[in-house]
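Here the structure comes first, spelled out in C-alpha cells, and everything after it is commentary.
Residue numbers (the UniProt record's numbering): 1 to 72.
In C-alpha cells form, the structure reads like this:
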C-alpha cells in the first residue's frame, strides 16, 4: 500500500481550515440574527397570561414555572 499522497492531505487540511475559520466568523453573525428574529417581546413589555387555578398547589406550580423563566 502506498497511502495517501502528501498533496492530497495538504489540500484536505487547507479546506478543513477554511471551513473552520468561516464557521468561526459566521456563527456569531447567524446567532445574532436568530436572536433578534426570535426576540418578539421587548424586555420591558408586560405579559399577563390567563391561567386557571383551582387550588393553592396549582398557583405554586405556576409561580415556580414563571420563576424559572425569569431566571433564564
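For each residue, glycine too, the CB sits at the ideal point set by N, CA and C.
C-beta atoms of residue i and residue j nearer than 8 Å
| i | j | result |
| --- | --- | --- |
| residue 66 | residue 53 | no |
C-alpha distance - residue i paired with residue j, whole-angstrom precision
| i | j | result |
| --- | --- | --- |
| residue 32 | residue 2 | 48 Å |
| residue 51 | residue 59 | 9 Å |
| residue 4 | residue 10 | 10 Å |
| residue 64 | residue 46 | 18 Å |
| residue 6 | residue 69 | 54 Å |
| residue 17 | residue 26 | 14 Å |
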